[in-house]
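According to the working numbering, the sequence shown is numbered sequentially starting from 2. All residues carry an ideal CB built from backbone N, CA and C; glycine is no exception. Note that this is a predicted model, so its numbers are computed, not measured. For reference, the structure is listed below as structure tokens.
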Amino acid sequence: MPQFIEGDRVRVDIPDETDPDHRLHGEHGTVVSVLQDDAGTTTGDERDDVIYRVELADGENIDLRWRDLRPPIE
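Written out as structure tokens, the structure is:
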């Protein structure tokens, strides 16, 4: 079951400064689609099967997993 659905506002949470996507940490956006793959079979966590495509305020679309997203800070 997806944690977020299309239209949800989210905040990117990637605190690890060594992660190349850390530049997105703290950015807000909107989930524009929810996709699926079979990554959970590799990781052992079925939540990893869900990919959230998020449109950031600047219009950039990025694909993120559940562990990189939180509810927005209002």
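When secondary structure is reduced to three states using DSSP, residue 26 falls in the coil class, being assigned neither helix nor strand. The continuous beta strand (DSSP E) containing residue 56 extends over residues 51 to 57. Residue 7 and residue 35 do touch by the CB rule: their CB atoms are close to 6 Å apart, below 8 Å. DSSP, reduced to helix, strand and coil, places residue 19 outside both helices and strands of the structure shown, so it counts as coil.
Under the DSSP assignment, residue 41 falls in the alpha helix (DSSP H) whose first and last residues are 40 to 44.
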